[in-house]
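Going letter by letter, the sequence shown gives residues 1 to 96 in UniProt numbering.
This report refers to the structure that appears directly beneath it.
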Amino acid sequence: MKMVITQYLDDHHIELLSWPVFSPDLNPIEHAWDELDRHIRLRPVVPRTAQEPAADLKEEWRVLPQVTLRRLIQSMHGASKHASQQREVIHRTNLL
């Protein structure tokens, strides 16, 4: 199955990012949640029912500009490269 997926990605010129396992800082959705949280906190009205926060979140997600999400994803390219370089430095340091 891995070969089929790899071939598909190659055929469609889709670049894979090398991300460390369990690295929330390098996961764009974590940063999208932060963005949504900031928008929710800027709302002038405090929710009065248990349903309002979910409705507010859905509304903020609906109006979140696509350019913001693209920016978050694109920022992961640089962050991933930096993390990879850091792992390499740590690895070389451990070899000394």
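All C-beta atoms, glycine included, are put in the ideal place defined by N, C-alpha and C.
**OP:** Verify whether the separation of the beta carbon atoms of Ile40 and Glu60 is less than 8 Å.
**Re:** It is a contact, given that the beta carbons lie within the stated cut-off.
Subject >> Where Leu57 sits in the DSSP three-state scheme >> reply: Helix.
Original post:
Three-state secondary structure (DSSP) at Arg43?
Top reply: Note: Arg43 maps to coil in three-state DSSP.
Original post:
According to DSSP, is Thr49 helix, strand or coil?
Top reply: Under the three-state reduction of DSSP output, Thr49 falls in the coil class, being neither helix nor strand.
Original post:
Just how far apart, CA to CA, sit Leu69 and Leu36?
Top reply: If I take the Cα positions, the gap works out to 11 Å.
Original post:
If you draw a straight line from the C-alpha of Leu96 to the C-alpha of Leu26, how long is it?
Top reply: The predicted model places Leu96 with a pLDDT of 47, which falls under 50 and marks its position as unreliable, so this point remains unresolved.
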